[in-house]
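Residue numbers (our numbering), protein chains in the order written: chain C, 3 to 114; chain L, 3 to 114. Where is the CB? At the ideal position from N, CA and C, for every residue including glycine. Just so it is clear, the structure is predicted and the values come from calculations on it, not from any experiment. For reference, the structure is listed below as structure tokens.
Number of protein chains: 2
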Amino acid sequence: MPDTTDLPLRPPVFHILLALSTAARHGLGIADEVEAASEGAVTLGPGTLYRSLDEMWDGGLVAPASPPSEDADPRRKYYRLTESGRALLEAEVARLERLVDLAKVRVAGERA
Amino acid sequence: MPDTTDLPLRPPVFHILLALSTAARHGLGIADEVEAASEGAVTLGPGTLYRSLDEMWDGGLVAPASPPSEDADPRRKYYRLTESGRALLEAEVARLERLVDLAKVRVAGERA
DNA sequence: ACACATATATCCACCGTAGATATATCTGCT
DNA sequence: AGCAGATATATCTACGGTGGATATATGTGT
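This is the structure in structure tokens:
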């Protein structure tokens, strides 16, 4: 089984962590949030979605969460971030931030 | 042949564009620069490197450049960014910047 | 009750990546 | 000059990841 805790994170894993950073969500709700947050640039097919969630579960990045309301659709399985999931997200954000900072200097610096 | 001009860029293509943003470089020089700029987090094997360069050539993102000095190793093939290559890099940087900004708000916002 | 939408889950085919390998040639050492 | 090892480009192959199609169950609306 692949290790989902290595940096750089695979894009789907990063986006799922990001989608869960604000609220517990169920599978398809995560996919919707990822697409919305990325302005349509990133989409998750069901294969990638559920497989990633399985791996993230095994890696201790996500855990089950109770439904947000009493009369929620019982088919939905809600996930939340664990402490290590949030820590991993922070680490990846820090890495990407350094990368973007470097890239911004370079693309702007060419105007001389 | 895959289209290398779609956003999100595949990570190797993004890193190669970034490596060429400051100077014309040859194949292995690009790989070295990518590893250095990412603090060792990103490495490019020869397969990915030369295949990506071929596709980027076909896509008009990179073009041949003259060696930086007269007595350079003649085996080295130097590449430089084209205008569209630089434009594509800027677009991807902008996308990543929005993503990182969003992520920073979310990971910081949880401390309430 | 019936049709359709939603939800999880699995399967498979394709694409992208990384490593091994091949070949050529440059550099340094004796 | 000759030899050994390093460097450089290039290709081939095996593996892993992704995404779409499909299956099944169940909720929702008419």
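Original post:
Which residue from L:24, L:104 and L:62 puts its Cα closest to that of residue 36 of chain C?
Top reply: Distances from the CA of residue 36 of chain C to each of L:24, L:104 and L:62 were compared; the closest alpha carbon is that of L:104.
Original post:
Whose C-beta lies closer than 8 Å to the C-beta of residue 56 of chain L among residues of the same chain, with five residues either side of it excluded?
Top reply: none
**OP:** Could you tell me which of C:94, C:102, C:60 and C:28 sits nearest to residue 67 of chain C, measuring between CA atoms?
**Re:** C:28
Subject >> Assigned exposure category for residue 61 of chain C - 16 Cβ within 10 Å defines buried >> reply: Burial call: buried.
Original post:
Looking at the C-beta of residue 106 of chain L, does it have a partner C-beta in chain C at a distance below 8 Å?
Top reply: yes
Subject >> Selection from C:72, C:23, C:77 and C:86 that minimises the alpha carbon distance to residue 6 of chain C >> reply: C:86
**OP:** Mark residue 39 of chain L as exposed unless 16 or more other C-beta atoms lie within 10 angstroms of its C-beta, in which case mark it buried.
**Re:** buried
Original post:
Which stretch, first to last residue, makes up the alpha helix (DSSP H) that contains residue 14 of chain C?
Top reply: 13-22
Original post:
Taking the continuous alpha helix (DSSP H) assigned at residue 77 of chain C, which residues delimit it?
Top reply: That residue, residue 77 of chain C, is in no alpha helix (DSSP H); it is neither H nor E in DSSP.
Original post:
So which residues of chain C does residue 68 of chain L contact, with C-beta pairs closer than 8 Å?
Top reply: Within chain C, no residue comes near residue 68 of chain L; the closest Cβ sits about 19 Å away, beyond 8 Å.
**OP:** Find out if the Cβ-Cβ distance for the pair residue 125 of chain C, residue 109 of chain L is shorter than 8 Å.
**Re:** This structure gives no information on residue 125 of chain C, because the portion of chain C shown stretches from 3 to 114.
Original post:
Cα-Cα, which of C:74, C:70, C:41 and C:83 is closest to residue 9 of chain L?
Top reply: C:41
Original post:
Looking only at its own chain, which residues have a Cβ that is under 6 Å from the Cβ of residue 80 of chain C, when we skip the five neighbours before and after it?
Top reply: 26, 28, 67 and 69
Subject >> Cβ shell of residue 91 of chain L (< 8 Å), same chain only, five flanking positions each side left out >> reply: The answer, listed in chain order, is 16, 19, 20, 23 and 83.
Subject >> Spatial distance of residue 32 of chain L from residue 51 of chain L (CA atoms) >> reply: 8 Å
**OP:** Following the continuous beta strand (DSSP E) through residue 44 of chain L, name the residue where it begins and the one where it ends.
**Re:** Where residue 44 of chain L is concerned, there is no enclosing beta strand (DSSP E), given that its DSSP letter is neither H nor E.
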